[in-house]
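Visitor:
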Amino acid sequence: MPDNGAFLWDWFWELRQAQPPGFSGPVPISNGELAFWCQLTGNIIRREEVATMRAMDARFCFEFEKECEAIKVREASA
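Here it is, written out as structure tokens:
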């Protein structure tokens with residue numbers, strides 16, 4: 034990510050930290066949680082930034098699930 038977008042990583046991880054885990058892995062960040070976070074922090078987020086953070090979150094959830102499956106396979110073969 035370009036340096037001028039580094040704040041999105043900070044925002045993303047701040048939101049992710051507050052996200053409770055689901056039964057089978059991370060739960061995607063909801064619109065309500067994003068709106069509440071904006072209200073709580075005073076951050077103003079543009080549509081394009083929301084789209085970028087949604088893509089980051091989707092990829093995070095996908096990669097997390099992929100790693101969990103890989104761990105299960107390794108444990109089953111051990």
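Counting in this note's numbering, the sequence shown runs from 34 upward without gaps.
Every residue, glycine too, gets a C-beta built ideally from N, C-alpha and C.
Could you check what DSSP says for G75 in three-state terms: helix, strand or coil?
Guide: The answer is coil: DSSP assigns G75 none of H, G, I, E or B.
Visitor: Note down, in chain order, each residue of its chain lying with its Cβ closer than 6 Å to the Cβ of W70, except the 5 sequence neighbours on either side.
Guide: These residues qualify, in order along the chain: L48.
Visitor: Give me, in chain order, the residues of the same chain whose beta-carbon lies closer than 8 Å to that of Q52; leave out the 5 immediate sequence neighbours on both sides.
Guide: The answer, listed in chain order, is P59, V60, I62 and E66.
Visitor: Which parts of the region 35-99 are runs of the alpha helix (DSSP H), unbroken and 4 residues or longer, counting only runs that do not cross its ends?
Guide: Listed in chain order, they are 39-50 and 64-74.
Visitor: Using 8 Å as the Cβ pair cut-off and three pairs as the minimum, do the region 73-89 and the region 38-48 touch?
Guide: The region 73-89 is in contact with the region 38-48.
Visitor: Let me confirm a value: D36 is counted as buried when at least 16 other C-beta atoms fall within 10 Å, else exposed. Which label applies?
Guide: By the neighbour-count rule (16 or more Cβ atoms within 10 Å), D36 is not buried but exposed.
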